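**Q**
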DNA sequence: ATTATCTATAGATCTATAGATAATGC
DNA sequence: ATTATCTATAGATCTATAGATAATGC
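Chains as they are written, first to last, in the numbering used here: chain A, 3 to 192; chain B, 3 to 192.
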């Protein structure tokens, strides 16, 4: 047993990250606290010394999952070589489709968030705003009054395409969805 | 107790429809068989005379939810006055956003389907194909080689917009998402 | 006699808690 | 002494099944 306060903070952090990953993989209702604690290398008994309830873990974990995407977006925004085309191709890539545990929560957790607390939905809204700001920034050549609407529509296209690409059984159709969305967005923004 | 074979078929049908609605509302993992049976006006004990397992009900219910959307699509396709704009406005309406229990399963159940059986994912693929065919038909003036790609991208935009519009906490942002997507799609297809 | 549904329950799992154990930190 | 995690378990809920009950249909 390691019992220092620093270790507790690390454990808390690890539980949240494990939950952020597993919730994206299996859905918020798809995994138990006991299994999450085991995946974090702990036993389930200590759970309530970290969280007041399951719902509080859900809130922290969804916020973490959204923050993962936020970090990715910040990295793109900070890179002067980044283009809208690179963002589109990355979001609509096979890697992003398949690495669900580390994927963008705006797509992956949308259904779960719609059924969650105000706190969670508020964090989701903030992340949508960040994506729209990033897309607008990468489409700076467009007239100001058109940027936001086009950015929202483009984000919707990416979210819907990844969502459907994961659900269909036909690999060819799945790739066609991603490619059609990417082609359409890139032609629209040029 | 009503025990005729006709009554059993009606009960089976009602259980499936209740599940199709509740799964869209709460997610496939969000409601128990006992609660579903109660909502169908039955007790839970009879469940396994209708379905081999919970998974089999999930399969039938998701297929039913998809078929609901299929019927709506067929109605549009059969109406000679239907336009692509009316489809877009209907899909991106506040009613469709809010009536989750009767909404299009291609959006609402995408995450659950991605984690489901091959049978379910195959039904989902078929429904995507039907939507793409409908959109293509309503955009018949486009060159043939462009129709399918644009239809897939348009479907992705609608699916992503409704998905996000349900998850965000800010009503103004939610409406903005739907309107931006609708405006963009209608201008793209004219 | 067969069939459809009901009541009752077994066994597994899930959230939440109590108390024991073994560290930390004053 | 306080704190973090562990073992153990209570109570609720979930899937699945057994046997009883009350209809249908030959």
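Glycine is no exception: its CB is placed at the ideal position from the N, C-alpha and C atoms. The structure presented is a predicted model; accordingly, all values stated were derived computationally and were not measured.
Does the beta-carbon distance from residue 128 of chain A to residue 159 of chain A come in below 8 Å?
**A** Contact: no.
**Q** The alpha helix (DSSP H) spanning residue 17 of chain B covers which residue range?
**A** Counting along the chain, the alpha helix (DSSP H) containing residue 17 of chain B begins and ends at 7 to 28.
**Q** Are the C-beta atoms of residue 117 of chain B and some chain A residue less than 8 Å apart?
**A** Closer than 8 Å: yes.
**Q** Using only the alpha-carbon positions, how far apart do residue 5 of chain A and residue 21 of chain A sit?
**A** If you take the alpha carbons of residue 5 of chain A and residue 21 of chain A, they lie about 22 Å apart.
**Q** Determine contact between the segment 90 to 107 of chain B and the segment 51 to 70 of chain B, defined as no fewer than three beta-carbon pairs at a distance below 8 Å.
**A** Yes: the two stretches touch, three or more of their Cβ pairs being nearer than 8 Å.
**Q** Starting from the beta carbon of residue 90 of chain A, find every residue of chain B whose beta carbon is closer than 8 Å, and list them in chain order.
**A** Within 8 Å Cβ-Cβ: nothing; residue 90 of chain A doesn't reach chain B, min ~12 Å.
**Q** Taking Cβ to Cβ, would you say residue 28 of chain B is nearer than 8 Å to residue 168 of chain A?
**A** Cβ distance not < 8 Å, so residue 28 of chain B and residue 168 of chain A don't count as in contact.
**Q** What is the residue span of the alpha helix (DSSP H) that residue 110 of chain A lies within?
**A** Per DSSP, residue 110 of chain A belongs to the alpha helix (DSSP H) from 107 to 110.
**Q** Could you please tell me which residues of the segment 58 to 85 of chain B, in chain order, have their CB closer than 9 Å to any CB of chain A?
**A** Within the segment 58 to 85 of chain B, no residue qualifies.
**Q** For the segment 125 to 139 of chain A against the segment 131 to 148 of chain B, do three or more pairs of beta-carbon atoms, one drawn from each stretch, fall closer than 8 Å, so that the two count as touching?
**A** Judged by Cβ distances under 8 Å, the segment 125 to 139 of chain A makes no contact with the segment 131 to 148 of chain B, as fewer than three pairs qualify.
**Q** Just how far apart, CA to CA, sit residue 53 of chain A and residue 31 of chain B?
**A** Cα to Cα, residue 53 of chain A sits roughly 23 Å from residue 31 of chain B.
**Q** Would you say residue 60 of chain A touches the ligand SAM, meaning its beta carbon is less than 7 Å from a heavy atom?
**A** As presented, the structure is devoid of all ligands, the ligand SAM included, so that no description of it is given.
**Q** Can you give the beta carbon distance from residue 122 of chain B to residue 60 of chain B, rounded, assuming they're within the 8 Å contact cut?
**A** So it is a contact: roughly 7 Å between Cβ atoms.
**Q** Smallest Cα separation from residue 50 of chain B: which of B/8, B/26 and B/36?
**A** Answer by Cα proximity: B/36.
**Q** Can you tell me the Cα-Cα spacing of residue 99 of chain A and residue 155 of chain B, whole angstroms?
**A** The alpha-carbon atoms of residue 99 of chain A and residue 155 of chain B are separated by roughly 16 Å.
**Q** Answer yes or no: does any C-beta atom of chain B fall closer than 8 Å to that of residue 175 of chain A?
**A** Judged by the 8 Å Cβ criterion, residue 175 of chain A is in contact with chain B.
**Q** Are the C-beta of residue 43 of chain A and some C-beta of chain B separated by less than 8 Å?
**A** Residue 43 of chain A does not count as touching chain B.
**Q** Taking the C-alpha atoms as reference points, what is the distance between residue 41 of chain B and residue 55 of chain B?
**A** Cα to Cα, residue 41 of chain B sits roughly 18 Å from residue 55 of chain B.
**Q** Please tell me whether residue 108 of chain B has its Cβ less than 8 Å away from any Cβ of chain A.
**A** For residue 108 of chain B, the answer is yes, since a Cβ of chain A falls inside 8 Å of its Cβ.
**Q** One question on the structure: do residue 165 of chain A and residue 47 of chain B come within less than 8 Å of each other, judged by their Cβ atoms?
**A** Not closer than 8 Å, so no.
**Q** Determine the burial state of residue 151 of chain A: buried for a count of at least 16 other Cβ atoms within 10 Å of its Cβ, exposed for fewer.
**A** By the neighbour-count rule (16 or more Cβ atoms within 10 Å), residue 151 of chain A is buried.
**Q** Please report whether the beta-carbon of residue 28 of chain B lies at a distance below 8 Å from any beta-carbon of chain A.
**A** Cβ-Cβ to chain A under 8 Å: yes for residue 28 of chain B.
**Q** Checking contacts by CB at 8 Å: is residue 35 of chain A closer than that to chain B?
**A** It does not: the Cβ of residue 35 of chain A has no partner Cβ on chain B nearer than 8 Å.
**Q** Going by DSSP, what residue range makes up the alpha helix (DSSP H) through residue 51 of chain B?
**A** Unbroken alpha helix (DSSP H) run through residue 51 of chain B: 49 to 52.
**Q** Which ranges would you report for the alpha helix (DSSP H) in the segment 104 to 189 of chain B if only whole runs of at least 4 residues count?
**A** Counting only runs of 4 or more, we get 107 to 110, 112 to 116, 120 to 140 and 146 to 169.
**Q** For a cutoff of 8 Å on Cβ pairs, would you count residue 100 of chain B as touching chain A?
**A** Not closer than 8 Å to any Cβ of chain A, the Cβ of residue 100 of chain B fails to qualify, so no.
**Q** Which two residues bound the contiguous alpha helix (DSSP H) that contains residue 70 of chain A?
**A** Residues 56 to 80.
**Q** Should residue 87 of chain B be flagged as near chain A, meaning a C-beta pair shorter than 8 Å?
**A** It does not: the Cβ of residue 87 of chain B has no partner Cβ on chain A nearer than 8 Å.
**Q** If we count the other Cβ atoms within 10 Å of its Cβ and call it buried at 16 or more, is residue 101 of chain A buried or exposed?
**A** Result: exposed.
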